[in-house]
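Participant: I have a structure I would like to understand better, so I am pasting it below and will then ask my questions one at a time.
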Amino acid sequence: MKTILNFFIFFYFLSLQLLAQENMMAIGNKSISLSYGASNFYRNRFESRMEFRDNQMGANERFNYGSVFTNPFVLQFDYAVSDYTQIGLSLNYFSFALTESYADQVDTIDIEASGFRMAVLLRATRYWLHTPKTAFYYFAGAGIRFRSLTSSATPFERNRANIHQYPLTGFRQYSLLALDFGMGLRTLFYRNVGVSTELGINPGIFQIGLFYRMMPKDRRISRKDNYGW
Numbered sequence: 127m128k129t130i131l132n133f134f135i136f137f138y139f140l141s142l143q144l145l146a147q148e149n150m151m152a153i154g155n156k157s158i159s160l161s162y163g164a165s166n167f168y169r170n171r172f173e174s175r176m177e178f179r180d181n182q183m184g185a186n187e188r189f190n191y192g193s194v195f196t197n198p199f200v201l202q203f204d205y206a207v208s209d210y211t212q213i214g215l216s217l218n219y220f221s222f223a224l225t226e227s228y229a230d231q232v233d234t235i236d237i238e239a240s241g242f243r244m245a246v247l248l249r250a251t252r253y254w255l256h257t258p259k260t261a262f263y264y265f266a267g268a269g270i271r272f273r274s275l276t277s278s279a280t281p282f283e284r285n286r287a288n289i290h291q292y293p294l295t296g297f298r299q300y301s302l303l304a305l306d307f308g309m310g311l312r313t314l315f316y317r318n319v320g321v322s323t324e325l326g327i328n329p330g331i332f333q334i335g336l337f338y339r340m341m342p343k344d345r346r347i348s349r350k351d352n353y354g355w
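Heads up, the sequence shown is in the working numbering, so the first residue is 127 and it goes up one at a time.
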């Protein structure tokens, strides 16, 4: 009888060890993350276009512009459908404020504009390296993007203003399709809290942030258990 009892005790503690060594996002786990972009892809393109336009100005033209783009914030929710695959919903957002002063021998333009860009994407993630505390993965997503734009420009000025000739900050049709793909790395550093970094075509290009992992109730381990998280 004592031998049988010892046998069951041994396998009970062995199961705790195995449970503690599950992959970070084992099937059924969820996570929520908030990250911040190191740059803004749209700002880089916009300023490059404005600088090109400035270089094309004639001797009788005067052109000055100002632009402030915030770097994107990204809110992400993921659910692991298997030990190596997860699906999720991603929301990214940034705002911008613009000014332009233009004058030639006929017209003078002095305007301000502001707005924001937001995208919602359905994303799939495939882990390439997956351990209890580290995950390296590839991801791809598609969804829709929204843009809000207000400007002090008159209808005539909208067609002349340089800042309104760029798709994001213009009044012409704006594509609703949003795409994202790239690679990322996640590392747990305290129980269910970790650091995430991603490199993709997101407006932030390189994202860094924090994530929190949520485990099913039957998988959680007591904080007093040395084998748990």
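Each residue gets a CB set at the ideal place from its N, CA and C atoms; glycine is no exception.
This one's a predicted model, so the numbers in the text were calculated from it and none came from an experiment.
Mind checking which residues open and close the beta strand (DSSP E) that includes Y292?
Facilitator: As a first step, residue 292 is located in the sequence shown; it is residue number 166 there, counting from the start. From DSSP, Y292 is part of no beta strand (DSSP E); its letter is neither H nor E.
Participant: According to the neighbour-count rule (16 or more other Cβ atoms, all chains shown, within 10 Å of its Cβ), is V319 buried or exposed?
Facilitator: For the purposes of this step, residue 319 is taken as residue 193 along the sequence shown, with counting starting at 1. Counting Cβ neighbours within 10 Å, V319 comes out exposed, since fewer than 16 surround it.
Participant: Please report the distance separating the alpha-carbon of V321 from that of A261.
Facilitator: Taking the first residue of the sequence shown as position 1, residue 321 is located at position 195. Taking the first residue of the sequence shown as position 1, residue 261 is located at position 135. Answer to the nearest angstrom: the Cα atoms are 11 Å apart.
Participant: Beta-carbon separation of G269 and V246 under 8 Å?
Facilitator: Walking along the sequence shown from the start, residue 269 turns up at place 143. Walking along the sequence shown from the start, residue 246 turns up at place 120. It is a contact, given that the beta carbons lie within the stated cut-off.
Participant: Pop quiz: F172 and L294 are said to be a contact at Cβ under 8 Å. What is the actual Cβ separation, rounded to whole angstroms?
Facilitator: To locate residue 172, count along the sequence shown from 1; it is residue 46. To locate residue 294, count along the sequence shown from 1; it is residue 168. Rounded to whole angstroms, the Cβ separation of F172 and L294 is 7 Å, and the two are in contact under 8 Å.
Participant: Work out the CA separation of L248 and A164 for me, nearest whole Å.
Facilitator: For the purposes of this step, residue 164 is taken as the residue at position 38 of the sequence shown. For the purposes of this step, residue 248 is taken as the residue at position 122 of the sequence shown. Rounded to the nearest angstrom, the two C-alpha atoms are 22 Å apart.
Participant: Is the Cβ of R179 closer than 8 Å to any Cβ of chain C?
Facilitator: Any reference to chain C falls outside this structure, which holds one protein chain only.
Participant: Between the alpha carbons of Y292 and E324, how many angstroms are there, rounded?
Facilitator: As a first step, residue 292 must be located in the sequence shown, where it is residue number 166. As a first step, residue 324 must be located in the sequence shown, where it is residue number 198. Distance between the alpha carbons of Y292 and E324 is about 27 Å.
Participant: Is the CB-CB distance between E238 and S278 below 8 Å?
Facilitator: For this step, residue 238 is matched to residue 112 along the sequence shown. For this step, residue 278 is matched to residue 152 along the sequence shown. The answer is yes: Cβ separation under 8 Å.
Participant: How many angstroms separate the CA atom of A229 from the CA atom of R175?
Facilitator: In the sequence shown, the residue the question calls residue 229 occupies position 103. In the sequence shown, the residue the question calls residue 175 occupies position 49. Approximately 19 Å between the Cα atoms of the pair.
Participant: M244 and Y219: beta carbons closer than 8 Å?
Facilitator: Locating residue 244 in the sequence shown gives position 118, counting from the first residue. Locating residue 219 in the sequence shown gives position 93, counting from the first residue. Yes, these two residues count as a Cβ contact at 8 Å.
Participant: Answer with buried or exposed for G192, where buried requires no fewer than 16 other C-beta atoms within 10 angstroms of its C-beta.
Facilitator: As a working mapping, residue 192 is identified with position 66 in the sequence shown. Exposed, since its Cβ has fewer than 16 Cβ neighbours within 10 Å.
Participant: Checking 8 Å against the spacing of the C-beta atoms, do S159 and L336 come in under that value?
Facilitator: Here residue 159 corresponds to residue number 33 of the sequence shown, with the count starting at 1. Here residue 336 corresponds to residue number 210 of the sequence shown, with the count starting at 1. Result yes, Cβ atoms of S159 and L336 sit closer than 8 Å.
Participant: Of all the beta strand (DSSP E) runs that stay within the bounds of the segment 233–288, which reach a length of 3 or more residues?
Facilitator: 234–256, 260–277
Participant: Return the residue from the list Q333, R188, D209 that minimises the CA-CA distance to H256.
Facilitator: Taking the first residue of the sequence shown as 1, we reach residue 256 at position 130. Checked all of Q333, R188, D209; the closest Cα to H256 is D209.
Participant: Starting from the C-beta of Y162, find all residues in its chain whose C-beta is less than 8 Å away, skip the five residues before and the five after it, and write them out in chain order.
Facilitator: Here the question's residue 162 lines up with position 36 in the sequence shown. These residues qualify, in order along the chain: N197, P198, F199, V200, G330, Q333, I334, G335.
Participant: Select from V194, L311, E177 the residue whose C-alpha is nearest the C-alpha of S357.
Facilitator: The chain is shown only over 127 to 355; residue 357 falls outside these bounds and no answer can be derived.
Participant: Please state if the CB of N155 and the CB of R339 are separated by a distance shorter than 8 Å.
Facilitator: To locate residue 339, count along the sequence shown from 1; it is residue 213. To locate residue 155, count along the sequence shown from 1; it is residue 29. In contact: R339 and N155 (Cβ atoms closer than 8 Å).
Participant: On the DSSP letters alone, give me the boundaries of the beta strand (DSSP E) that R312 sits inside.
Facilitator: Reading the sequence shown from its first residue, position 186 is the one you call residue 312. In the DSSP assignment, R312 falls within the beta strand (DSSP E) that extends over 303–316.
Participant: Just mark T280 as buried or exposed, buried being the case when its beta carbon has 16 or more other beta carbons within 10 Å.
Facilitator: Within the sequence shown, numbered from 1, the residue matching residue 280 stands at position 154. So T280 ends up on the exposed side.
Participant: Need the endpoints of the alpha helix (DSSP H) that D230 sits in, please.
Facilitator: Stepping through the sequence shown from its first residue, residue 230 is reached at position 104. Looking at the DSSP string, D230 is not in any alpha helix (DSSP H), and its letter there is neither H nor E.
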